[in-house]
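Quick note: the sequence shown uses the working numbering, first residue 81, plus one each step.
Beta carbons: idealized from backbone N, C-alpha and C, even for Gly.
Computed from a predicted model, the values in this text were never measured in an experiment.
What follows is a set of notes on a single structure, which appears directly below.
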Amino acid sequence: MTVKTRFAPSPTGYLHIGGLRTALYNYLFAKKHSGTFLLRIEDTDQTRYVEGAVESLIETLKRMGLTYQEGPFLQSQRLEIYHKYADQLLSAGHAYRCFCSKERLEELRKQQEAMKLSTKYDRRCLNLTKEEVEDKIKNGESSVIRLRIPDGETTFDDAIRGTITIPNSEIDDQVLIKTDGFPTYHLAVVVDDHLMGITHIIRGEEWISAVPKHVIMYQAFGFEMPIFAHLPHVLNPDRSKLSKRQGDVAVEDYLNKGYLPEALNNYVALLGFNPSGDREIYTIEELVEAFDLSRVNKSGAIFDVAKLNWMNAYYIRNIDINVLLELVKPFLGDMVIKTETLEKVLMVERSRATTLADFAPLARMYTTQQSYNPEALIWKKADKADASKQLEGVITFIQNLELSIFDDSALLESRIKEYIEKGNLQTGNVLWPMRVALSGSEQSASPFEIAWVLGKEETLLRLRNAVEKLNT
Ligand code: GLU
81 MTVKTRFAPS
91 PTGYLHIGGL
101 RTALYNYLFA
111 KKHSGTFLLR
121 IEDTDQTRYV
131 EGAVESLIET
141 LKRMGLTYQE
151 GPFLQSQRLE
161 IYHKYADQLL
171 SAGHAYRCFC
181 SKERLEELRK
191 QQEAMKLSTK
201 YDRRCLNLTK
211 EEVEDKIKNG
221 ESSVIRLRIP
231 DGETTFDDAI
241 RGTITIPNSE
251 IDDQVLIKTD
261 GFPTYHLAVV
271 VDDHLMGITH
281 IIRGEEWISA
291 VPKHVIMYQA
301 FGFEMPIFAH
311 LPHVLNPDRS
321 KLSKRQGDVA
331 VEDYLNKGYL
341 PEALNNYVAL
351 LGFNPSGDRE
361 IYTIEELVEA
371 FDLSRVNKSG
381 AIFDVAKLNW
391 MNAYYIRNID
401 INVLLELVKP
411 FLGDMVIKTE
421 TLEKVLMVER
431 SRATTLADFA
441 PLARMYTTQQ
451 SYNPEALIWK
461 KADKADASKQ
471 LEGVITFIQN
481 LELSIFDDSA
491 LLESRIKEYI
501 EKGNLQTGNV
511 LWPMRVALSG
521 SEQSASPFEI
531 AWVLGKEETL
541 LRLRNAVEKL
551 NT
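Structure (structure tokens):
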């Protein structure tokens with residue numbers, strides 16, 4: 081059997097973190113089995129259509145590297161197909177036309193609710209004769225097509241949840257074709273999964289309650305049953321379903337904030353899936369290798385931004401510097417910085433960044449001297465006069481250093497340390513004011529690293545500025 085999976089989002093907005101996980105698992109599973117991953121846009125609900133959503137979904141999948149081999153198929157372009165299959169169910173008696181008005185259905189629902197009954201269609205139109213149906217159509221009455229749920233019970237296997245059995249008395253006669261002629265999700269999904277040859281349906285657990293209806297349709301059509309796998313919810317830290325109210329949920333927002341696709345894929349893959357052991361960092365190839373539906377958890381997985389931040393920082397620290405360089409550039413806006421300098425900034429600062437966006441203020445510190453309070457130059461164990469004296473000493477020392485020393489940050493460091501040692505100076509008294517003078521901040525990389533990035537001239541300029549600040 082050639083494995084074929086699909087991601088079938090409805091274009092109601094952006095790609096949600098939960099949607100990313102569904103897409104990713106379908107991608108991983110197909111890759112692992114040398115199969116095909118397909119994209120289908122489920123856009124038959126015209127009331128939920130959002131302009132630009134399809135383009136945004138496709139773009140985000142692309143940015144995440146989740147390439148599909150087939151599609152995108154748009155259900156709204158396949159209406160004739162669904163009608164053909166609905167007609168097939170009608171003529172075989174597995175479906176029927178229903179002419180009940182919205183008002184009647186609403187009234188029925190209210191009555192059932194008042195009597196604490198499950199809300200289901202009462203089958204008033206089930207036994208209309210062929211002539212009655214034809215008359216109503218001739219009279220211009222609008223109708224829907226409903227699935228006729230047979231007696232008995234429905235059983236199916238879920239690769240994550242095991243075997244599930246539901247008495248058919250609990251299943252509503254689902255509308256398959258609406259009055260506007262569009263199919264409902266239920267008809268379109270069954271027909272398409274069959275026609276597109278989907279072997280494994282991997283999706284969020286919110287769809288599991290729909291499976292019995294689908295199984296009944298598979299049986300009515302005589303289609304071969306696919307394998308179902310329903311993924312546990314992605315949760316907020318308070319265990320409610322992941323929602324916008326408690327933070328970002330759109331994948332594009334994370335990308336735009338400077339999360340790396342690799343880090344997002346890695347983090348999201350582990351939401352509800354445990355490869356073996358405690359290991360947490362996986363390349364996409366390693367995820368493909370490790371992925372197994374039997375290792376997907378049944379219970380919900382909490383989306384923890386702190387953990388994602390940790391992982392993103394890990395990727396930023398470890399990714400190839402040239403790749404990082406290209407990734408960072410779009411986050412610098414109109415900043416003017418030489419590539420050579422930027423590369424040095426990244427080498428020095430990458431351990432301090434959580435997202436790519438963090439590099440903008442970090443790089444700006446090098447391109448432009450930041451304003452700071454001169455008091456910050458004074459080390460806690462020293463005073464203003466000492467700070468000024470130490471800075472002057474360092475200025476003289478650096479002035480006399482050959483330019484080539486600045487090519488090598490380790491060499492620069494050892495020379496300055498030698499200067500401190502030989503002069504019998506206190507490290508803190510020298511390095512604290514030097515660091516603040518160069519960075520304009522009490523928290524920064526080491527003064528040697530900063531000086532290395534800045535170069536001799538700019539280093540001296542900033543040190544002299546600091547002395548001036550202290551003495552005015
Ligand atoms: N179109 C559904 C959604 O938007 C997907 C359901 C399915 O995968 O079968 O989530």
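> Three-state secondary structure (DSSP) at Ala194?
Replying inline: helix
>> Counting C-beta neighbours from all protein chains within 10 Å, is the total for Thr209 16 or more, i.e. buried, or is it exposed?
In response: exposed
> Do you know offhand how far Glu420's Cα is from Lys461's?
Replying inline: As the crow flies, the alpha-carbon of Glu420 is around 37 Å from that of Lys461.
>> Less than 6 Å between C-beta atoms, sequence neighbours within five positions excluded: which residues of the same chain meet that for His174?
In response: Arg228, Ala300
> Within the present structure, is the beta-carbon of Gly284 separated from the nearest heavy atom of ligand 1 by less than 8 Å?
Replying inline: yes
>> What would DSSP say about Glu122, mapped onto helix, strand or coil?
In response: coil
> Between which two residues does the alpha helix (DSSP H) containing Asp553 stretch?
Replying inline: Only positions 81 to 552 of the chain appear in the structure, and residue 553 is not among them; the question remains open.
> Going straight from the alpha carbon of Asp487 to that of Leu534, what length do you get?
Replying inline: 11 Å
>> Based on DSSP bridge pairs, tell me the residues matched to Ala309.
In response: Ile282
>> Could you tell me the alpha carbon to alpha carbon distance between Gln126 and Tyr165, rounded to whole angstroms?
In response: In this model, Gln126 and Tyr165 are separated by some 20 Å (Cα to Cα).
> Is Leu541 near Leu471, with beta carbons less than 9 Å apart?
Replying inline: no
> Gly151 lies in the beta strand (DSSP E); which residues open and close that run?
Replying inline: 150–154
> Can the beta-carbon of Ile282 be found less than 9 Å from the beta-carbon of Thr102?
Replying inline: The Cβ-Cβ distance between Ile282 and Thr102 falls below 9 Å.
> When we look at the beta-carbon of Gln254 and count the other beta-carbons within 10 Å, is it buried (16 or more) or exposed?
Replying inline: buried
> Along the chain, where does the beta strand (DSSP E) that runs through Gly79 open and close?
Replying inline: What the structure shows of the chain is the stretch from 81 to 552, and residue 79 is not part of that stretch, so it cannot be assessed.
> Any chance the segment 128–143 sits against the segment 371–383, with 3 or more Cβ pairs inside 8 Å?
Replying inline: no
>> Please tell me whether Ala433 and Glu522 are closer than 9 Å, where the distance is taken between their beta carbons.
In response: no
>> If you follow the beta strand (DSSP E) that Thr209 is in, where does it begin and where does it stop?
In response: No beta strand (DSSP E) contains Thr209, which DSSP labels as neither H nor E.
> With distances taken from CA atoms, which of Asn219, Ser249, Leu351, Ile399 is nearest Gly284?
Replying inline: Nearest to Gly284 by alpha-carbon distance, out of Asn219, Ser249, Leu351, Ile399, is Leu351.
> Ends of the alpha helix (DSSP H) at Ile485?
Replying inline: Per DSSP, Ile485 belongs to no alpha helix (DSSP H) and is neither H nor E.
> By DSSP, does Val376 sit in helix, in strand, or in coil?
Replying inline: strand
>> Can you give me the C-alpha to C-alpha distance between Leu388 and Tyr347, rounded to a whole angstrom?
In response: 6 Å
> Is Thr259 helix, strand or coil when you go by DSSP?
Replying inline: Reduced to three states, the DSSP call for Thr259 is coil.
> What do you get for Asn106, buried or exposed, if any count of 16 or more other CB atoms within 10 angstroms of its CB means buried?
Replying inline: buried
> With 16 other CB atoms within 10 Å as the buried threshold, where does Ser489 fall?
Replying inline: buried
>> Taking only three categories from DSSP, how would you classify Lys461?
In response: coil
>> Please classify Arg397 as buried or exposed, where buried requires at least 16 neighbouring CB atoms within 10 angstroms.
In response: exposed
> What are the residues that DSSP puts in a beta bridge with Lys84?
Replying inline: Residue pairing from DSSP places Lys84 in a beta bridge opposite Thr116.
>> Does the CB of Lys84 have a neighbour CB from chain D at under 9 Å?
In response: Protein chain content of the structure displayed is limited to a single chain, and chain D is not contained in it.
>> For Leu491, which residues in the same chain have their Cβ closer than 7 Å to its Cβ, ignoring the five residues on either side in sequence?
In response: Answer for Leu491: Ile485, listed in chain order.
>> In whole angstroms, give me the CA-to-CA distance for Val425 and Glu332.
In response: Roughly 26 Å between the two C-alpha positions.
>> Is it buried or exposed, Asp215, if we count other Cβ atoms within 10 angstroms and call 16 or more buried?
In response: exposed
>> For ligand 1, is there any heavy atom lying closer than 8 Å to the beta carbon of Val269?
In response: yes
> Counting Cβ pairs closer than 8 Å, one from the segment 83–95 and one from the segment 119–136, do we hit at least three?
Replying inline: Three or more beta-carbon pairs drawn from the segment 83–95 and the segment 119–136 are found closer than 8 Å, and the two stretches are therefore classed as touching.
> Helix, strand or coil: which one does DSSP assign to Ala172?
Replying inline: coil
> Are His310 and Asp238 close, meaning C-beta to C-beta below 9 Å?
Replying inline: yes
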